[in-house]
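Trainee:
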Amino acid sequence: MSISRRGFLGSAVAASLATTLDAQRLNAQEKTISANSVPANPFGTGKRPIIICSKNGVNYLDDAFAFLKGGGDTLDAALRVVKGPEDDPNDDSVGLGGLPNEEGVVELDACCMHGPSRRAGSVGGVRNIKNVSLVSKAVMEHTGHVMLVGEGAERFAVAMGFPRENLLTERSRKIWLLWKEYNSNDDWWGPGLADPNWKAPAIPATSPQSELWERRIERLEQRAASLGIEPEFRRAAIRRVLSPPTGTIHCSALNDKGEISGCTTTSGLAYKLPGRVGDSPIIGAGCYTDQDVGSAGATGAGEENIKVAGAHTIVENMRHGMSPLEAGMDALRRIVRNYNGDMKKLNFIDMSYYILRKDGAYAGVSLWEGYAPDDRHKIAVHDGTRRLEDTVALLKGSSHEFPPFPVTIPAELKKDSVYLK
Ligand code: ASP
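According to my numbering, the stretch in the sequence shown is residues 2 to 422, in order.
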């Protein structure tokens, strides 16, 4: 395993990233907010009942909010939200249609915490079962365990009556094939960002940026056509090849009595190594709920979040008096601290937290403002009014997903609208 393998796509992004990326890094460094300052709180003071979630849950909030308001359980309300994207074959970050691992197999992770009964359930690396969030609830209710993984989790789900089904949609299969054909040796093997020997992709001084990219995109478009990817999805598919996406849904729900629960579900990092489990099913990382304090959940770079036990850190911060915004900013700073503030690495990481305190105060925070200037990170909220709000970012500017995404690529390639409603 050589370092150069992890510099994969290095050649792909190199030329186009050259000056722009360096300029952005410097820019970001200058604009990093200082260690102790917390930006003004743009979020409402919060009222109960309320549901918060990542933006891909926004279309499912109305039904869940009505259920919660009508006396429904807080965990069941949150699960209603995340079941929407799990069932949607066009959301390729969760459940059915989720982008697969490097072998073309969809593997899902999920967990949940029920505040009122102080219970938790979790499943990791589950194949062939779509609604893993509900399976995590079944683990909580029907076993003496908290976490089941892999084949055992799948067999448990089938025993509980969940149907086995093929989760790889034709569209996701074709995107995976396009990725496989295009990258050949370039994959997730090799040392990661946290390795002291990791090097940012080298920048060869060869072709002018635009020419290089035009050729690569042309080649990808030809391959996409030959794989039968519909013309209207080709550009979105190419984006998923050049920048293997993360994607997840977290949801926390609080009723008028102050009961609170949370859950998180995901297909994880696209083209991951088989068996890789991210932060989403880790109680305390992808989700944490404490009936005495509040609830938090995460989307983004799972490996980084596990190392700071993000959701638990945030809830503990609130327990000790921080506001949801302060608590989230502190967790993000711990990620920055793990890299000693090295923007060369932080540029390849992104992380968002969705935070709900027991009194209804809430916040959405992100390491960067968005994946691109026109693609801001959001938190979806329903407290009687359903809305999307920008998260508050610790660092100004856009992240570059790892592997890096070229900043000079045509704007339409950066848009998720084709896939995510
Ligand atoms: N956190 C998820 C994971 O690492 C991915 C994501 O949130 O986008 O598996």
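The C-beta atom is built at its ideal place from N, Cα and C for all residues, glycine as well. Keep in mind the model is a prediction, meaning the values are calculated, not measured.
Would DSSP call Asp23 helix, strand or coil?
Mentor: Any reading at Asp23 must be qualified, since the residue scores a pLDDT of 39, below 50, and its modelled position is unreliable; no value is offered.
Trainee: Which one of Val294, Ala286, Ser253, Ile307 has the shortest CA to CA distance from Lys56?
Mentor: The residue with the shortest Cα to Cα distance from Lys56 is Ser253.
Trainee: Starting from Ile176, follow the alpha helix (DSSP H) in both directions and report where the run begins and ends.
Mentor: Taken as a continuous stretch (DSSP letters only), the alpha helix (DSSP H) holding Ile176 covers 171-184.
Trainee: Would you check whether ligand 1 has a heavy atom nearer than 7 Å to the C-beta of Gly301?
Mentor: Indeed, a heavy atom of ligand 1 lies less than 7 Å from the Cβ.
Trainee: Taking the runs of the beta strand (DSSP E) that are 3 residues or longer, which of them lie wholly in the region 274-335?
Mentor: With a minimum length of 3 residues, the continuous beta strand (DSSP E) runs that stay inside the region 274-335 are 288-291, 295-301.
Trainee: Sort Val147, Thr170, Leu69, Gly385 by Cα distance to Val107 and report the nearest one.
Mentor: Selected option, being the one with the closest Cα: Thr170.
Trainee: On the DSSP letters alone, give me the boundaries of the alpha helix (DSSP H) that Val133 sits inside.
Mentor: Its alpha helix (DSSP H) spans residues 133-143.
Trainee: Using 8 Å for Cβ pairs, my map puts Arg49 next to Asn339. What's the rounded Cβ distance?
Mentor: In fact, because the Cβ distance is near 35 Å, the residues do not count as touching under 8 Å.
Trainee: Any idea what DSSP makes of Ile130, helix, strand or coil?
Mentor: Ile130 falls in the coil class under three-state DSSP.
Trainee: Skipping 5 residues on each side, what residues in its chain have a beta carbon closer than 7 Å to that of His115?
Mentor: Result list for His115: Leu76, Met141, Ser262, in chain order.
Trainee: Please list, in chain order, all residues of the same chain as Leu333 whose beta carbon is under 8 Å from its beta carbon, the five residues on each side excluded.
Mentor: Cβ within range, chain order: Met352, Tyr354, Val366, Ser367, Leu368, Leu395.
Trainee: Taking the alpha-carbon of Gly122 as reference, which of Gly145, Ala238, Ile130 has the nearest alpha-carbon?
Mentor: Per the Cα distances, Gly145.
Trainee: Using 8 Å as the cut-off, can you tell me whether the region 293-307 makes contact with the region 315-330, which would need three or more C-beta pairs spanning the two stretches below that distance?
Mentor: With a cut-off of 8 Å, the region 315-330 and the region 293-307 count as touching, because enough Cβ pairs lie within range.
Trainee: What separation, rounded to the nearest whole angstrom, lies between the Cα atoms of Asn91 and Leu109?
Mentor: C-alpha separation (whole angstroms): 16 Å.
Trainee: With DSSP run on the structure shown, which of helix, strand or coil describes Ser400?
Mentor: If DSSP states are grouped into helix, strand and coil, Ser400 belongs with coil.
Trainee: Please tell me whether, using a cut-off of 7 Å, the distance from the CB of Thr46 to the nearest non-hydrogen atom of ligand 1 is below it.
Mentor: Thr46 Cβ: outside cutoff for every heavy atom of ligand 1.
Trainee: Where do the ends of the alpha helix (DSSP H) carrying Ala67 lie?
Mentor: Counting along the chain, the alpha helix (DSSP H) containing Ala67 begins and ends at 62-70.
Trainee: Leaving out the 5 sequence neighbours to the left and right, which residues in its chain are closer than 8 Å to Leu135 when beta-carbon positions are compared?
Mentor: Counting only Cβ-Cβ distances below 8 Å, and skipping sequence neighbours, we find Leu80, Lys84, Phe163.
Trainee: Please classify Glu215 as buried or exposed, where buried requires at least 16 other C-beta atoms within 10 Å of its C-beta.
Mentor: Label assigned to Glu215: exposed.
Trainee: Need the endpoints of the alpha helix (DSSP H) that Gly151 sits in, please.
Mentor: Run containing Gly151: 151-160, per the alpha helix (DSSP H) assignment.
Trainee: Out of Val82, Val59, Phe349, state which residue places its alpha-carbon closest to the alpha-carbon of Ser399.
Mentor: With distances taken between Cα atoms, Ser399 lies closest to Phe349.
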